[in-house]
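Have a look at the structure below, then the notes.
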Amino acid sequence: MRRFFRRKSSCQIAKDRLKILLISDRVNCSPEIMELIKTDIAKVLSKYMKIDSENMEIQINTKGNKSGRGGKMPSLYANIPIVDVSAQDLAK
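Taking our numbering, the leading residue of the sequence shown gets 84, the next gets one more, and so forth.
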C-alpha cells in the first residue's frame with residue numbers, strides 16, 4: 084500500500100512530462116488539454132472504483148480508418164491500474 088503514496092522521483096516526473104509532450108505533438112493537442120483529459124477520466128472512474136491515478140497513462144494514436152479512404156483517425160487508449168472494486172463503492 085505504501086507504493087501508492089510515495090513520491091515520484093524527478094526522473095519519473097521528467098519521463099511522464101516527456102510522454103505527454105510526445106503524445107500531444109502527435110495529435111496537435113496541447114499538454115494542458117491532455118492533462119485535463121487524464122484528470123477528468125480519473126475523476127469519473129474514481130466514482131466507481133479505486134484507481135492508481137499516479138500511474139495512469141493515456142495515449143492518443145492515429146491510425147488509418149477502416150473505410151479505405153486513407154485518412155487517419157485519432158484513437159484514445161488508456162492504461163488505468165485498478166486498485167480495488169467493491170460493492171460498497173458502487174452503492175454511493
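Every residue, glycine too, gets a C-beta built ideally from N, C-alpha and C.
Grab the span of the beta strand (DSSP E) containing D167 for me, first residue to last.
That run of the beta strand (DSSP E) goes I165 to D167.
Output the distance between the C-alpha atoms of E118 and A97, rounded to the nearest integer angstrom.
Cα-Cα distance, rounded: 15 angstroms.
So, D167 versus K130, is the Cβ gap smaller than 7 angstroms?
Going by C-beta atoms, D167 is not nearer than 7 angstroms to K130.
Excluding the 5 residues flanking N138 on each side, which residues of the same chain have their C-beta closer than 7 angstroms to its C-beta?
These residues qualify, in order along the chain: P164.
Using a threshold of 7 angstroms, state whether the C-beta atoms of A161 and I143 are closer than that.
No, the pair does not count as a contact, with Cβ atoms beyond the cut-off.
Cα separation between A125 and S136?
Those two C-alpha atoms are separated by around 6 angstroms.
Alpha helix (DSSP H) containing S129: first to last residue?
Per DSSP, S129 belongs to the alpha helix (DSSP H) from P114 to S129.
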